[in-house]
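Asker:
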Amino acid sequence: MALEIESEDVLRLIMQYLKEHNLTSSLKTLQSESKVCLDTVDNLDNLSSDINHGRWESVLPQVSGLALPLNTLVALYEQVVLELLEMREGELARELLRTAEPFAKLKVENPERFLKLEHWVKRACSGGGTSLDPRDLYAAGNSREKRRAEVADAVLAEASVVAPSRLLALLGQALKWQQLQGQLPPRGTGGKYDLFRGAQRARRRDEEERPPRKLAGQIKFGKDSRPESARFSPDGLSLASGGADGFIELYDPDSCRLRKDLEYQAKDELMMHDTAVLCQGFSRDGEHLATGSADGKLKIWKVSTGQCLRRFESAHGKGITCAAFSHDGSQVLTTSFDQTVRIHGLKSGRTLKEFRGHGAFVNAACFTADGARIVSGAADGEVKVWDAKTMECLVTFRPRQAAIRAQAGGTGLGDVGGMSLAGMEAAVHTIVPMPGSSEHLLVATRSTTAYLITQQGAVVKSFSLDASGTGAVAGGDFTCACASPRGRWVFVASDDGKVHCFNAETGEIERTLAVGAGEVSGMTHHPHRNLLATFGKDGMLKLWKA
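Counting from 1, one number per residue, gives the positions in the sequence shown under UniProt numbering.
#1: Can you tell me whether DSSP reads Ser-283 as helix, strand or coil?
#2: Excluding sequence positions up to five away, which residues of its chain have a Cβ less than 7 Å from the Cβ of Ala-244?
#3: Does the count of Cβ pairs from the region 266–281 and the region 229–248 closer than 8 Å reach three?
#4: Rounded to whole angstroms, what is the Cα-Cα separation between Asp-370 and Glu-425?
#5: Taking all protein chains shown into account, do 16 or more other C-beta atoms lie within 10 angstroms of the C-beta of Ala-104, making it buried, or fewer, making it exposed?
#6: Looking only at its chain, what residues have a beta carbon closer than 6 Å to the beta carbon of Gly-516, apart from the 5 residues adjacent to it on each side?
#7: Kindly indicate the opening and closing residues of the beta strand (DSSP E) around Arg-310.
#8: Using alpha carbons as the reference points, say which of Gly-507, Glu-505, Ala-504, Phe-478 lies closest to Val-520.
#9: Could you tell me how far apart the beta carbons of Gly-522 and Ala-240 are, in whole angstroms, since I believe they sit closer than 8 Å?
#10: Identify whether Asn-142 lies in helix, strand or coil by the three-state DSSP scheme.
#11: Less than 8 Å between the CB atoms is what I'm expecting for Thr-321 and Asn-363, so what's the real figure, rounded?
#12: Alpha carbon to alpha carbon, how far is Phe-361 from Gly-319? Give it in angstroms, no decimals.
#13: Which of the three DSSP states is assigned to Ile-219 in this structure?
#14: Just to confirm before moving on: does the CB-CB distance between Asp-39 and Ser-160 stay below 8 Å?
#15: Whose CA, out of Asp-50, Gly-357, Asp-9, lies closest to the CA of Val-36?
#16: Secondary structure at Ser-25, three-state DSSP: helix, strand or coil?
#17: Please classify Met-271 as buried or exposed, where buried requires at least 16 neighbouring CB atoms within 10 angstroms.
#18: Based on the DSSP output, what are the partners of Phe-367 in its beta bridges?
#19: Figure out for me which residue from Pro-399, Arg-356, Thr-99 has the closest Cα to the Cα of Met-391.
#20: Quick check for students: name the residue ranges of the alpha helix (DSSP H) that lie wholly in the region 6–63, counting only runs of 4 or more.
#21: Whose C-alpha, out of Tyr-264, Arg-55, Leu-117, Ala-450, is nearest the C-alpha of Leu-465?
#22: Check this for me: beta carbons of Cys-480 and Ala-493, under 8 Å apart or not?
#23: What's the call for Asn-530, buried or exposed, on a 16-neighbour Cβ count within 10 Å?
#24: May I ask you to report which of helix, strand or coil DSSP gives Asp-415?
#25: Around the Cβ of Leu-170, are there at least 16 other Cβ atoms within 10 angstroms (buried) or fewer (exposed)?
#26: Hey, Val-383 and Arg-373: beta-carbon distance below 8 Å or not?
#27: Just how far apart, CA to CA, sit Met-87 and Glu-4?
#28: Return helix, strand or coil for Val-428, following the three-state DSSP convention.
#29: With which residues is Phe-337 paired in a DSSP beta bridge?
#30: Mapping the DSSP letters down to three states, classify Leu-68 as helix, strand or coil.
#31: Please state the DSSP three-state secondary structure of Ala-202.
#32: Just grab the DSSP bridge partners of Asn-503 for me.
#33: Kindly list the residues whose CB is nearer than 6 Å to the CB of Val-490, restricted to its own chain and excluding five residues on each side of it in sequence; keep chain order.
#34: Could you have a look at residue 548 and say whether DSSP puts it in helix, strand or coil?
#35: Rounded to whole angstroms, what's the CA-CA distance from Gln-456 to Arg-398? Just pull it up for me.
#36: Taking 8 Å as the threshold (C-beta atoms), are Val-428 and Gly-476 in contact?
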């Protein structure tokens, strides 16, 4: 049975925090707007002693945060007035009688009692403080000490004591529980926790985007395995790798070591598939990881515990080539060698939609910035834009042909200048949203050119090894691509083991980096640091820094 937490209790936790940190104005405003009182005191014994000894300058601030019944409040303030009269402080007693809220209510609900108090105050003021006998203030058999004791008993019956710093204590207990459940790294692993966002703070953030220049570290795989996919987590604290042996591992990008602060990895209980992990994608909050394998299976993992939350045994009939979460994290988009694009629901555990129309392997797909459309690319060079709700194909185009037509000044779909465009297309292997733009996409093909395109298929810019147009290409065909987090750089890897860094604004090559002896199979960029991860046929996952 789930415990219910009253909203008033949450407000009281905040009020106690404000009180303990001397934020009195904020405390009064919160109490006034919420109509909720803190209703606690620091120490009952101290409050009792203050009342019984008539230390009213200490008592009144303490009871201001208590939700006392009117009778108790009136008895308390009445005793304060009586003792002021005893001390010949008639003017002060009159001011309190006029301004204190309990007396305003007493005047309405019990006017006779109020008039009696007012009469005594007038006598004290008119007689210069000498015409009033203190013995007249208390009824027969009553006394100041007895009245104080009665007031103390009435107030203490309504008051309670709460341990100090309850808000911080509860937060600490919650974090400890999450730590025990594997949802947080244990103590001693470094880094600061962002309580508001619910994630560990990123340890570093590079202010200026710069292309990588040198090797920062590398991760070696076993002789029977090699990396088939890799992704940085959104917080940048993990680099997830998917191997040919089916294992999924999370590494620390700084040390290039397996994250043993994750309990399941420390126990060698790794996330895994039965076959090679060809693709993966994190949810936007970084809590979940989607992985697709060569046998067409899709799995959804809880990153903090390594638990498999959903398993789609027949997500596709053949290997899954791409996996991406929807913006709200409720669905996963996948592509496959079976020539289809599909959407799977995490709540239902079922395949919700299938987009058919490609005539070759579908290698890549992504949601547009607003989530309303899906863009997919296939091995025959064709790119399709779909309506995510109706599954209707809105636009079909081929990037290379679109670029040639744009250069020729044409907009039609036919041949250009008598030259047939058939067979002039290369396989699309990368489609990713371009950072900083809601309309543009980075599309890379198995050629020496990548493209910045619109959702309508218009080529905005080309990133080519043959920028001069002479045909003298110094490099191999592109195999994968990605962009820097803020979209300043476009990185494209080729089959000759190089990564080419293009200036996204000018389209010119700024730097070429040799990252391996063979083909670069995949590449991913850190979400907020100048750190690039590459992997290829050499069986190494390498990190490069600026």
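From the three backbone atoms N, C-alpha and C, an ideal C-beta is built for every residue, glycine too.
No experiment lies behind these values; they were computed from the predicted model shown.
Answerer: So, to answer that:
#1: Ser-283 sits in coil when the DSSP states are folded into three classes, being neither helix nor strand.
#2: If we look at Ala-244 and ignore the five residues flanking it on each side, its Cβ neighbours are Ser-225, Arg-226, Glu-228, Ala-276.
#3: Result yes; three or more Cβ-Cβ pairs closer than 8 Å.
#4: The straight-line gap from Cα to Cα measures roughly 29 Å.
#5: In summary, Ala-104 is exposed, with fewer than 16 beta-carbon neighbours lying within 10 Å of its beta-carbon over all protein chains present.
#6: The residues are Gly-497, Gly-536, Asp-538.
#7: Taken as a continuous stretch (DSSP letters only), the beta strand (DSSP E) holding Arg-310 covers 307–312.
#8: When the alpha-carbon of Val-520 is set against those of Gly-507, Glu-505, Ala-504, Phe-478, the nearest one is in Phe-478.
#9: Gly-522 to Ala-240, Cβ: 12 Å. No contact.
#10: In the displayed model, Asn-142 falls within coil according to three-state DSSP, outside both helix and strand.
#11: About 5 Å; that satisfies the 8 Å criterion.
#12: Approximately 10 Å between the Cα atoms of the pair.
#13: Three-state DSSP puts Ile-219 in a strand.
#14: Cβ atoms of Asp-39 and Ser-160: closer than 8 Å.
#15: Among Asp-50, Gly-357, Asp-9, the Cα nearest to that of Val-36 belongs to Asp-9.
#16: Note: Ser-25 maps to helix in three-state DSSP.
#17: Here Met-271 is buried. Its C-beta has 16 or more other C-beta atoms within 10 Å.
#18: According to the DSSP secondary-structure assignment, Phe-367 is paired through a beta bridge with Ile-374.
#19: It is Arg-356.
#20: Look at the region 6–63 and you find these whole runs of alpha helix (DSSP H), each 4 residues long or longer: 7–20, 24–34, 44–52, 56–63.
#21: Answer by Cα proximity: Ala-450.
#22: In contact: Cys-480 and Ala-493 (Cβ atoms closer than 8 Å).
#23: Result: buried.
#24: Confidence in Asp-415 is poor, its pLDDT being 49 and thus under 50, which makes the residue's placement unreliable; the coordinate value appears in the next sentence. For Asp-415, the three-state secondary structure derived from DSSP is coil.
#25: Flag for Leu-170 reads exposed.
#26: The criterion of a C-beta distance shorter than 8 Å is not satisfied by Val-383 and Arg-373.
#27: If I take the Cα positions, the gap works out to 51 Å.
#28: Per DSSP, reduced to three states, the secondary structure at Val-428 is strand.
#29: Beta-bridge pairing links Phe-337 to no other residue.
#30: DSSP, read as helix, strand or coil, puts Leu-68 in coil.
#31: Residue confidence for Ala-202 is low, a pLDDT of 47 falling below 50, so the modelled location carries little weight; the figure read from the coordinates is stated next. Coil, per DSSP.
#32: Residue pairing by DSSP puts Asn-503 in a beta bridge opposite Trp-489.
#33: Contacts found: Phe-463, Ala-483, Phe-502, Ala-504.
#34: Because the chain is modelled from 1 through 546, residue 548 falls outside the range shown and cannot be assessed.
#35: Cα to Cα, the separation comes out at about 11 Å.
#36: Contact flag unset, no.
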